[in-house]
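Residue numbers for the first sequence follow the working numbering, so the first one is 205 and each next one is one higher.
For every residue, glycine included, the Cβ atom is placed at its ideal position computed from N, Cα and C.
Notes follow once the structure below has been shown.
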Amino acid sequence: MESPKAYNPKDVEDKIYKLWLESGFFSPSSAKATAGKPEKKFVTCIAPPNITGELHMGHALELTLQDIIVRMKRMQGYRTLWLPGTDHAGIAAQNVVEKQLAKEGLNRHDLGREKFLERMWQWKEKYGNAILEQLKKLGLSLDWSRTKFTMDPEYQEAVKTAFLHYHKKGWIYQGERVINWCVRCATAISDLEVNYIAEKSKLYYIKYGPFTLATTRPETKLGDTALAVHPEDGRYKNYIGKELEIESVDNLIPNDQPPQKNKIKILVVADESVDPKFGTGIIKVTPAHDITDFEIGQRHNLKSIKIINEQGRMNENAGIRYQGLKTSQVREKIVEDLQALGLIEKVEEYEHNVGRCDRCNSVIEPLPSKQWFLKMKDLAEMALKAVREGRVKIHPERWAGPYETWLKNIRDWNISRQLWWGHKIPIDGEEDVLDTWFSSALWPFATLGWPASAKASAGKPDDFQEYYPTDFITSDRGILFLWQVRMIFSGLEFTGEAPFKDVYIHATVLTKDGKRMSKSLGTGINPLELIEKYGTDALRFGLTSQATGLQDLRFGEDLLVMGKKFANKLWNVARYTLIKLGENYEQQEKTPDNEISRKMREIAKLTTESIESYDFAEAANRLYHFVWHEIADKFIEETKNKDDQETKDTLAYLLLTSLKLLHPFMPFVTEEIYGQLPWLKEKQLLLVEKWPIDKL
RNA sequence: GCGCCCUUAGCUCAGGGGUAGAGCGUUCGAUUCACAUUCGAAAGGCCGUAGGUUCGAGACCUACAGGGCGCACCA
Numbered sequence: 205m206e207s208p209k210a211y212n213p214k215d216v217e218d219k220i221y222k223l224w225l226e227s228g229f230f231s232p233s234s235a236k237a238t239a240g241k242p243e244k245k246f247v248t249c250i251a252p253p254n255i256t257g258e259l260h261m262g263h264a265l266e267l268t269l270q271d272i273i274v275r276m277k278r279m280q281g282y283r284t285l286w287l288p289g290t291d292h293a294g295i296a297a298q299n300v301v302e303k304q305l306a307k308e309g310l311n312r313h314d315l316g317r318e319k320f321l322e323r324m325w326q327w328k329e330k331y332g333n334a335i336l337e338q339l340k341k342l343g344l345s346l347d348w349s350r351t352k353f354t355m356d357p358e359y360q361e362a363v364k365t366a367f368l369h370y371h372k373k374g375w376i377y378q379g380e381r382v383i384n385w386c387v388r389c390a391t392a393i394s395d396l397e398v399n400y401i402a403e404k405s406k407l408y409y410i411k412y413g414p415f416t417l418a419t420t421r422p423e424t425k426l427g428d429t430a431l432a433v434h435p436e437d438g439r440y441k442n443y444i445g446k447e448l449e450i451e452s453v454d455n456l457i458p459n460d461q462p463p464q465k466n467k468i469k470i471l472v473v474a475d476e477s478v479d480p481k482f483g484t485g486i487i488k489v490t491p492a493h494d495i496t497d498f499e500i501g502q503r504h505n506l507k508s509i510k511i512i513n514e515q516g517r518m519n520e521n522a523g524i525r526y527q528g529l530k531t532s533q534v535r536e537k538i539v540e541d542l543q544a545l546g547l548i549e550k551v552e553e554y555e556h557n558v559g560r561c562d563r564c565n566s567v568i569e570p571l572p573s574k575q576w577f578l579k580m581k582d583l584a585e586m587a588l589k590a591v592r593e594g595r596v597k598i599h600p601e602r603w604a605g606p607y608e609t610w611l612k613n614i615r616d617w618n619i620s621r622q623l624w625w626g627h628k629i630p631i632d633g634e635e636d637v638l639d640t641w642f643s644s645a646l647w648p649f650a651t652l653g654w655p656a657s658a659k660a661s662a663g664k665p666d667d668f669q670e671y672y673p674t675d676f677i678t679s680d681r682g683i684l685f686l687w688q689v690r691m692i693f694s695g696l697e698f699t700g701e702a703p704f705k706d707v708y709i710h711a712t713v714l715t716k717d718g719k720r721m722s723k724s725l726g727t728g729i730n731p732l733e734l735i736e737k738y739g740t741d742a743l744r745f746g747l748t749s750q751a752t753g754l755q756d757l758r759f760g761e762d763l764l765v766m767g768k769k770f771a772n773k774l775w776n777v778a779r780y781t782l783i784k785l786g787e788n789y790e791q792q793e794k795t796p797d798n799e800i801s802r803k804m805r806e807i808a809k810l811t812t813e814s815i816e817s818y819d820f821a822e823a824a825n826r827l828y829h830f831v832w833h834e835i836a837d838k839f840i841e842e843t844k845n846k847d848d849q850e851t852k853d854t855l856a857y858l859l860l861t862s863l864k865l866l867h868p869f870m871p872f873v874t875e876e877i878y879g880q881l882p883w884l885k886e887k888q889l890l891l892v893e894k895w896p897i898d899k900l
């Protein structure tokens, strides 16, 4: 057979992927795939990409690692299932479509809920499908016959069932509590969706009767209902429990008139949460606009006065002097007034953390709002136990620490969002939708037919019974708490079993200078452009060879140059072998017993071990070195003036074994070469060839 | 504030007690041979700093510095 001197991925990739699809081997239930292997199963759980846009490098790495495991397991004779899908991505997707509308000069209220949701579904059709197509470009061996979306009708049933289950148990409650409110997105968001970013601002020392106290948010003064000190703080002991009359600014004087003083009464309480070392050791308590203050308020039965509304402006409780102003404006105004009245002692420069919305970067406004909450106490306990008892293993192990810490500090989960795109809260008259992670948390079993299948008693086993729980999941550290933790406790609560046995936290792909890759920062790199330039195998191999799980990966194209050269080297090792062996070579049953073949077997063993312990980079680099420097540089050179049978047998053995071992990493070039070998006796697809090492 | 990770060649990273490694890049040279996406060679490192353990430390311990991350605070 004539093959080009250089490997050209473009001639190969689409053709090969089509071949795999037609074979049916991606599905564990195809007749061919199940033949003779009813027992061994391996199921891996995908992190469904958001429908918001396109694939990024993080996806490329994560999905490649997952595909490596799946392909090895399939070759080891396991019935493998890897189910693809997409996530509706509530707030993120809604924001994207709203931005699109804004370009047309519209907002979602102009369209109304129904029309807006139509737009969302149109978006989902177009971009959801586009993403799935991109996954195929990465060569992933996903079972496309089982593709799911987090808002499929059956999935909606699962979400409803889960919500009602919690509700019936009394774990879901509606409460007026201080939550993180994003003024721009006009919705509540969870603690995890707030990013705290250090910013320079000012610390104002305000006179409160006999005290002076420090605050960064003087405007919340209008909602103060107490002062608080630490119970052990000697300086203020005599004041605890007393109500003081203090001078303040009169908020009923219209703002076109000079400020005037008035007198207000305020209680002093003692609370452990006060740090005596901060400022003057005494703080103002604004239960309506600070989460900590809200909790102090609850402990001491304090009144809560809401002075900031959902638009981020002062409401009627702030008094006519300030009503209607934005919080940033009122801050200046009130400081001005207090200064005029001599109620400000000093102002210091101060750097502190400001909460910003994870999705739009607006400043978060904590405010009291009626929201739905899920009690986390028991669920957190379950999730903790599952990891402590080893039913779920986290790799690398050091992530188990943060997992513990996070669960121990957890607050109840605010699961309602004031959005239109998402799962409606399944209680009559409720207009809100659920946090997108509430549905994501059910992914491992909702995609397999839970809860319908869990109830089905008779008949043949269905997907849920057959493939749950799964074996493996991998993700970036960024969603360990947002998602993995929530899948674990949801799985335990609804199915009695953890949804997966192993969680592997892979490296985060950064830019060359160590910055986070982000589309909005313009630092993102589109993997598809790199595939165009270097080929999928080069991308996969390059990324994998540097993904160690310990250190983040600073991405540079030099990795792909290496991958591309290596694919070509393998291609030419094959060309040499084909020419050397000729048309009439016959495959031998026995593997040759010589030094290089023994080394090859050792490499096979080590590769298997490395992949099974998630040392992907180690496996990739070892294979690279062996194929290039042992097989090509040394052994092949030595065979150039030999023509004996053992040499041929050895070449054939080395090539086939290398193809098998490299197939999980570089599926396209290996499959293409395999297809060109004329001497194989029972040729099928490399995809389902027997892995060189059976059991360790 | 508490904790975790990282610091090794120009760049990106391996190496986890016993003569400093890879890929990319650079320089020089080769080439009708499976591959110029190749081959050969070279240059390039007091392995973040300072102490300690050891016959021996890039590796183990302790501090410190710089970079990153998580949790808490963020009044």
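Cutoff 6 Å; reference residue i; Cβ partners in own chain excluding five residues on either side
| i | result |
| --- | --- |
| Lys465 | Glu451 and Leu545 |
| Ala492 | Gly427, Ser508, Ile509, Lys510 and Pro572 |
| Met205 | Confidence at Met205 is low in this model, with a pLDDT of 46, below 50, so the placement of that residue should be treated as unreliable; the coordinate-derived value is given next. Gln880, listed in sequence order. |
| Thr256 | Ala293, Ala296, Ala297 and Val300 |
| Thr354 | Asp291, His292 and Ser643 |
| Leu506 | Thr429, Ala430 and Pro491 |
Residue j beta carbon less than 7 Å from that of residue i
| i | j | result |
| --- | --- | --- |
| Phe320 | Trp624 | yes |
| Pro868 | Ile272 | yes |
| Lys574 | Asp616 | no |
| Pro796 | Thr854 | yes |
| Tyr672 | Tyr818 | no |
| Leu732 | Leu764 | no |
| Leu884 | Thr874 | no |
| Val551 | Arg560 | no |
| Ala474 | Ile444 | yes |
| Ile614 | Ala584 | yes |
| Val713 | Gly262 | yes |
Among the options, nearest to residue i - alpha-carbon criterion
| i | options | result |
| --- | --- | --- |
| Ile295 | Thr391, Pro655 and Asp680 | Thr391 |
| Ser405 | Gly700, Ser532 and Cys389 | Ser532 |
| Val472 | Glu761, Phe498, Thr429 and Leu456 | Thr429 |
| Asn519 | Glu243, Val478, Lys550 and Glu423 | Glu423 |
| Leu267 | Thr678, Gly653 and Gly332 | Thr678 |
| Thr740 | Leu754, Leu339 and Tyr282 | Leu339 |
| Ala251 | Ile538, Glu553 and Ala645 | Ala645 |
| Pro414 | Glu243, Trp641, Glu761 and Ile548 | Ile548 |
| Val539 | Arg275, Ile410 and Lys341 | Ile410 |
Through-space distance from residue j to residue i, alpha-carbon basis
| i | j | result |
| --- | --- | --- |
| Ile383 | Phe577 | 11 Å |
| Lys467 | Asp460 | 21 Å |
| Thr408 | Ile487 | Here residue 408 is Tyr; the residue named in the question, Thr, does not match the sequence. Each residue's alpha carbon lies about 12 Å from the other. |
| Val300 | Glu790 | 59 Å |
| Glu397 | Arg621 | 12 Å |
| Lys372 | Leu336 | 37 Å |
| Glu886 | Phe704 | 36 Å |
| Val689 | Phe649 | 15 Å |
| Thr480 | Glu436 | It should be pointed out that residue 480 corresponds to Pro in this sequence rather than to Thr. Spanning the two alpha carbons is a distance of roughly 9 Å. |
| Thr752 | Glu380 | 46 Å |
| Lys894 | Tyr857 | 13 Å |
| Thr496 | Leu305 | 38 Å |
Sequence-distant residues of the same chain with beta carbon closer than 7 Å to residue i, five excluded per side
| i | result |
| --- | --- |
| Lys352 | Leu287, Gly289, Tyr359 and Thr651 |
| Glu876 | Val216 and Ile220 |
| Asp667 | Leu652, Gly653 and Ser657 |
| Thr674 | Val247, Thr248, Cys249, Pro648, Pro703 and Phe704 |
Nonlocal neighbours in the same chain, by C-beta distance under 8 Å from residue i, ignoring five residues either side
| i | result |
| --- | --- |
| Arg826 | Ile807, Leu810, Thr811 and Ser814 |
| Asp582 | Trp375 |
| Ala824 | Phe745, Thr748, Ser749 and Phe869 |
| Gly528 | Arg517 and Met518 |
| Glu403 | Glu555, His556, Asn557 and Val558 |
What ranges does the alpha helix (DSSP H) occupy inside the region 809 to 883, keeping only unbroken runs of at least 4 residues that lie completely in it? If we require 4 residues or more, the alpha helix (DSSP H) runs fully inside the region 809 to 883 come out as 820 to 829, 849 to 866 and 871 to 880.
Ignoring anything shorter than 4 residues or poking outside the region 577 to 615, list the alpha helix (DSSP H) runs there in chain order. 581 to 592 and 604 to 612
Note down, one range per segment and in chain order, each alpha helix (DSSP H) of at least 4 residues found wholly within the region 421 to 474. none
Residue ranges of each alpha helix (DSSP H) run of no fewer than 4 residues wholly in the region 656 to 708, ordered along the chain? 656 to 659, 667 to 671 and 689 to 699
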